[in-house]
Structure formats: structure tokens, C-alpha cells
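Note that numbering that gives the first Met the number 0 has the sequence shown beginning at 0, numbered continuously upward. All C-beta atoms in this analysis are idealised placements derived from N, C-alpha and C, irrespective of residue type, glycine included. Just so it is clear, the structure is predicted and the values come from calculations on it, not from any experiment.
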Amino acid sequence: MKNQNTASSENCSTDHSPARSSRSKSNIQILQTEQNAFLQLSGAFFCSIDFEGNILSISQNWCERLGHKKEDIEKHSFLKQVHSDDRDRWQKEFQKRLTGNPTKNCILRLLCHDQSVLWFNLKSLTDPKSHLLYILATDITQEKQAQSLSTKPDPQLALDHLREGVFISSAQGNLLHILYINSGFDRLTGYSFNEVKGQPYTLLAGDKTDSETLDRIASAIQKKEHFSTEVCLYRKDHSSFWSHISFTPVWNAQGQVSQFISVFEDISERKLTIEALRENNQSLNEALEALKEIKKDVIQRERLHALGQMASGIAHDFNNLLAPILGFSELLIGTPQCLSNSDKALNYLNKIKDSAQNAAAVVGRLREFYRAENEDEKTTLLELPQLIEDTLRLTEYHWHNQAEARGVTIRISKDIQPSPPILGNGADLKQALSNIILNGVDAMPDGGEITIRSFLNGSWNCIEISDSGVGMIEKTQELCMEPFFTTKGTAGTGLGLSVVFGIIQRHKGRIEINSTPGKGTKITINLPSHQTNEEKISPSSFASEIDSLRVMIVDDEVLLLEVVSEYLMSQGHQAKQFADPHKALEDIYKNPYDLVITDRAMPGMTGDHLAKSIKEYLPEMPIIMLTGFGDIMKQTGDIPRNVDYLLSKPASFQLLKDTISKVMNQPKAVP
Ligand code: ADP
Ligand code: MG
């Protein structure tokens, strides 16, 4: 230290001789090195700042601590290194120091290069002569951190930071009187503590506050139970808000509840959002329902349209078939010599019978378009070749008769390969195929060819329907399946292909359209095959010969009674006719029968009622119902409980014979 003092005094001397000068220079260096060494040993950081606030020099260790390079800091403003929250304070401190106020500790946060923050305690010395401020700093970050960890929590301060409103109240009976509120309470309600002090919490209630909810809160308070609910509360300015509020009893050391702490938040926005969501949801559901209705309407409209088209064809065929019936019967009635020639008469009668049978089949076609409301989901095993044949028959009037009447020819060519059955709705699929064929017919105003191919493609049954018609341009191909899209003006509904699409989708199938303008259109439908091991029961397996039977026939149509009895007797059975079902019922109590055949709609008593009365008395009596409603009843599943078999009028004698043997051979019910 002595040396240092000596050196220091020498440094201040005025000896300027070269020898002295070089010695004093080295002394100054030694002195500086020593000072640096001591400062480093002290672990302190130091720097000098000019009166403008710029750093003149800074110790290396401080730079390193802050992660800066010396050259990035020196000549720059010290203020830049100070944390933004502490800058104001530092500027005030700095001014004080410049005016020579006594040195005071200053605790500041400085910014590191990586933007982290360190705490320093700064001491400074002002040198007014050289306009410099010397700063000595110690890093107190660790102490600060330890301090913040060990700080005693301040619940009140913490509660004031909550977004929610909090109040503590004294519990007296079922009333709560406010003792404390946090800042959140003030913010949410607009009331200051002085305004609510000692008031019941119900000062927050108003007209829209549900009184039942208030009762439930009061009851929970009385029972000293926790309770939370949603309730409408009022602010000081009388505006209301939805709130979620909880009341929690505070138990003291004596096990008593004298206070409740309540927390509430404003959930108006959440409520509004939920409400809006609920409304949205409801309108979506309504839209969905409306869409379902529209879909039903669309299908129904297209079905009626198709039915109309079919009906015109059927009326035409039916008239054609009636003509020979009328003609030959007139011949038979009008020319008695025909009757005496039994071969000729038999020939005419056979023709009448053939035509009548065909007419019955034609009427049956209408039935294929009949579908009950709830039949949407009804599926059966369907053979594609049969489905295609039925469809061709249904549409024959259009591609054959109508085309011929226009003087054009539409040829149909088929390549139908065997394939496993599909599970589906026959009426729907026939409608889909019909729509495609009818579009084909429309596309060939000058005639042409419709080709139908069906084959197995992996596990898919593939049906291709091509026409050599006008084809579709790209835009039409894109839009053709959309409901109501048509290029046919008022002649089209624009629903045909959209209905086809819906039907194929319901069958979990796929549809593809390929069309070339001027060349034609090919529509490919793929339907999943149904693999089954079920054995097919052929109807003829029932048709074993049976003994002579005693048959009761009940029908209000005398002609039918007659013809059926004649037939039965020709088969060796005994037949007794009843035009009145009451008489039939009386007779069955008196005379033995093996079988009853009855009509359904009869004046005085229905066939259903007759069957029921017979089965009550004779549970094992086989009953066949022969009715004009047979087909529709079968379709709708409306088969009377006491009837063993349902036959549609007109039934051929062969069918009647098969049915009788089937009914007579069926296993008897165990009583
Ligand atoms: P519509 O037959 O009532 O017009 P569709 O839905 O059956 O309604 O058909 C929509 C449109 O698709 C038709 O108007 C027609 O332009 C086009 N289209 C459908 N099938 C064919 C086809 N085989 N050839 C040419 N165009 C067709
Ligand atoms: Mg169409």
C-alpha cells in the first residue's frame, strides 16, 4: 500500500524529465492493474458514465455477467441497459447524482443480452471536475429471488388480483351481511366497500333474479352447506348480469360457522354463446327435418310421375287385352253355331282365358309401384335377371309401343350373366332402372339401341345400361343427378336421376355416368352381392296330391262361388257355397268341413271376423282368404291373424290347387 501511495503522489508531481516520465507511466499502469485486481477481488462490477448518461468504460466482468460484448456497451446509453419498469426511477436517481446529492444505494434491474433480468445494487461517486459518475455494482439477483420466495403471502392482495368478485359475510340465520369485498366485487358490481358494508348480499338481487334460487341459497346458508348456482344479479347502475356464484361456509376452530365466503363471476357472455348455440342447433335440426320432408316429397313426386307414365302404358296394354276377351265372348254369345262346334268354342275360350290372365298380370304391374309408407326399410333377396326383366316389362310401352307409334324403333339387347342375389327393395330398384331406361328412350328421339349388361364384378353385382342417344355435354353430366335439373323443359321433372342416386345409395351401391355427346350414355350401377347359404323352397314342393276334401266357400259374389265350387268338384272335392257369411258360420257348427275358403270384404261380416269366429270354435280349421286386396295386403303385411293363407283374386286354378295342398300339408299347431 505504501508503494501505491508513493506512486500516487509521484503521479501527481510535476516532474517532466524523460526518465521520471517513463517511470511514472509504468507506475500508473501498476496502479491501474492493482486497482483492477482489488476491484475484481471484491467481486464488484464497475463502470464510469459521463454526464450525458453514456457509458465511458465498463468492467469486463460486468459485461460478461450481462452477456454483452464490451464494444456493444461502451459509448452507449446506460439507460438502455435498465429494465423498462425501472427507467424512470433511474433517471431521477441519475439527476440527483449529477446535482451532487449524497450517494445512495440504488437497486435496479438490468437487461441481459438474452433479455433475462438481473438485480444489481448500484453505488456511485460523482466527479464534477471530469464530469463523470463512477458506479460500483453488486449482483443481488440471488438474494432477490430468495426474498421473493420467502415473502409471506398477503391473501387480501392476492384476492384483489382475482378476476372474480369475492365477498365474506357474517351468517345470521339464513341471511348474510357483507363484511369484506375484494376489488373484483367492485369491478363487477360498481359498489364500493362502504356502500355494501353490513348490507345483506341480496342487495345484488332484482326483478329478474329467480326467487326460487334465492330460497335455495337461503336454505343452504341456514344448513351451513356449500351451494353454487347460476343466478341473475344486478349492478349498482341497475343493469343485470348472469353470474355463477358459490357460497362456502367458513368453519372456525370451535367448529362453528359464523361466516361464508362467496365467489362470483360474470357469465353473461358464456350464457349468450350457449343460448346462441342452442338456437343454432335448433334451427339446424329444423332445417334437417325440413330437408327430410323435402326428400320424401321429391321421392313421392318422382314416384307419382313414374306411376303416371306406367299407368298410361298399362291402360294401353289393358285395352289391348280386353279387345280379344270382348271379341271372342261376343262371338260365342252372338253366333250360336260357334257353341255347337266344341273345338272352336274351346279354342275361343282358351284365348279369352289367356287374355284375361295377361290382363291380370298387367294390373299387377301397377302394384309394383305401390309402396306403403313404412316400407322404406323392407328388403328381400332379389335376383338381378328377374329385376331387369320386370323393369323391361314395366317400360315396354315406352320403348316399344310408343316408339313404334312415333315410327321409330328402339332395340333392346341384353347380356345377363348369372350372379348371386342382392338384398334390396324390389320396387325401389325397379323404379331406379326404369328411370334410367326412360331417360335412354328420351335421348333417342330417332330410335336406337338400349343395351343392358349384368355381370359379377368381385363382390359387386354390376348393371350397365347404355343407349345410343344424344349423350350429354360435360356440364349436363355434372348436374344431371341434382334434383330438379332437367334439359327437357316442362316435359321433365329433373328428379329421375336424383331419385336413382338416392335409391342406389340406400342400397350401399355406386353409380357412374359416362356420356359422349352425339354417341350415347352408359350408366353403371354396382350393388353389393348378398352371399347366402339358404336353400330355396320351391312352391311346387308343397304340391303333393291330397284326398277329397269337404270345402266351405264363402263369397258374396255368386259367380265366383260358382266357378270355384265347379273347379273344386272337378278335382274330386265336395264344395258347399255360402253367399252369406252368417249362414256359413251357423253351418260350420253343424256340419264337418276340412277347409274354409273365404272372401274378405262381404256385407254383414268381414272375412277376418268369420275366420276369427271359426278359429275360436275350431282352432285347427285351415282357412284360405281369397280376396281382390290380396296383393296390397301382402305388401303391407296386413294379413289377418286367423287366416292360414292369403290368395289374390283372380287366382289361377293351378295356384288354388297348390295353395290348398300347401295349407292341408302344413304342420298342425300344437294346442
Ligand atoms: P328428367 O328426365 O326429368 O329431365 P332426370 O333427373 O332423369 O330428369 O335427368 C336429368 C337430365 O339428365 C335430363 O334432363 C337430361 O338432360 C340428362 N340425362 C339423363 N339421362 C340421359 C341420357 N341417357 N342421355 C342424355 N341425357 C340424359
Ligand atoms: Mg328422367
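How big is the Cα-Cα spacing for residue i and residue j?
| i | j | result |
| --- | --- | --- |
| Phe500 | Ile510 | 7 Å |
| Ser227 | Ser242 | 10 Å |
| Asp586 | Leu654 | 27 Å |
| Ile613 | Met568 | 23 Å |
| Arg64 | Tyr233 | 56 Å |
| Tyr396 | Ala402 | 8 Å |
| Thr485 | Pro384 | 30 Å |
| Gly675 | Gln416 | The displayed coordinates of the chain run from 0 to 670. Any statement about residue 675 would go beyond what the structure contains. |
| Leu584 | Gly603 | 12 Å |
| His160 | Ile293 | 57 Å |
| Ala742 | Val469 | Beyond the ends of the chain as shown, which are 0 and 670, falls residue 742; an answer cannot be given. |
| Leu428 | Thr379 | 11 Å |
| Phe652 | Pro482 | 47 Å |
| Ser210 | Ile220 | 15 Å |
| His506 | Pro419 | 15 Å |
| Glu671 | Pro248 | Residue 671 lies beyond the stretch modelled for the chain, which goes from 0 to 670, so this question has no answer here. |
| Ile332 | Ile622 | 37 Å |
| Asp126 | Ser147 | 36 Å |
| Gly571 | Asp546 | 8 Å |
| Pro591 | Arg549 | 8 Å |
| Trp398 | Ala358 | 20 Å |
| Ala204 | Cys231 | 7 Å |
| Lys222 | Glu264 | 24 Å |
| Leu478 | His608 | 55 Å |
| Asp185 | Phe166 | 10 Å |
| Ile411 | Thr626 | 37 Å |
| Thr450 | Gly606 | 48 Å |
| Leu135 | Ser123 | 6 Å |
| Phe327 | Ile522 | 45 Å |
What's the call for residue i, buried or exposed, on a 16-neighbour Cβ count within 10 Å?
| i | result |
| --- | --- |
| His190 | A small correction: the amino acid at residue 190 is Tyr; His does not occupy that position in the sequence shown. That one is buried. |
| Val557 | exposed |
| Glu619 | exposed |
| Lys661 | buried |
| Leu393 | buried |
| Ala426 | buried |
| Thr531 | The predicted model places Thr531 with a pLDDT of 43, which falls under 50 and marks its position as unreliable; any figure quoted below should be read in that light. Burial call: exposed. |
| Ile472 | exposed |
| Cys111 | exposed |
| Ser339 | exposed |
| Asn434 | buried |
| Gly42 | exposed |
| Ile106 | exposed |
| Ser129 | exposed |
| Arg599 | buried |
| Leu560 | buried |
| His67 | buried |
| Thr390 | buried |
| Asp296 | exposed |
| Val195 | buried |
Could you tell me which residues DSSP pairs with residue i in its beta bridges?
| i | result |
| --- | --- |
| Gly423 | Thr379 |
| Thr523 | Glu463, Glu511 |
| Asn35 | Bridge partners of Asn35: none, in fact. |
| Ala574 | Val550 |
| Tyr200 | Answer by DSSP bridge pairing: none, since Tyr200 is not bridged. |
| Gln258 | Ser169, Val249 |
| Cys46 | Ile57, Ile134 |
| Cys62 | Its beta-bridge partners do not exist; DSSP assigns none. |
| His304 | Partner(s): none; His304 has no beta bridge. |
| His176 | Ser169, Pro199 |
| Lys413 | Ile451 |
| His243 | Glu229, Glu264 |
| Met624 | Thr597, Leu645 |
| Val81 | Leu109 |
| Val116 | Leu110 |
| Lys122 | Leu135 |
| Arg660 | One detail in the question is off: residue 660 reads as Ser in this sequence, not Arg. According to DSSP, which records beta bridges pairwise, Ser660 is partnered with nothing at all. |
| Ser76 | Asn53 |
| Gly470 | Answer is none; Gly470 lacks a bridge partner. |
Could you say if the stretch 175–185 and the stretch 268–284 meet the contact criterion of at least three C-beta pairs nearer than 8 Å? When C-beta atoms of the stretch 175–185 are compared with those of the stretch 268–284, fewer than three pairs fall below 8 Å, so the two segments do not count as touching.
Identify every run of the alpha helix (DSSP H) within the stretch 199–241, keeping only runs that are complete inside it and at least 4 residues long; order them along the chain. Segments of the alpha helix (DSSP H) lying fully in the stretch 199–241: 210–221.
Evaluate the contact criterion for the stretch 54–72 versus the stretch 111–122: three or more CB pairs, one atom per stretch, below 8 Å. With contact defined as three or more Cβ pairs closer than 8 Å, the stretch 54–72 and the stretch 111–122 are in contact.
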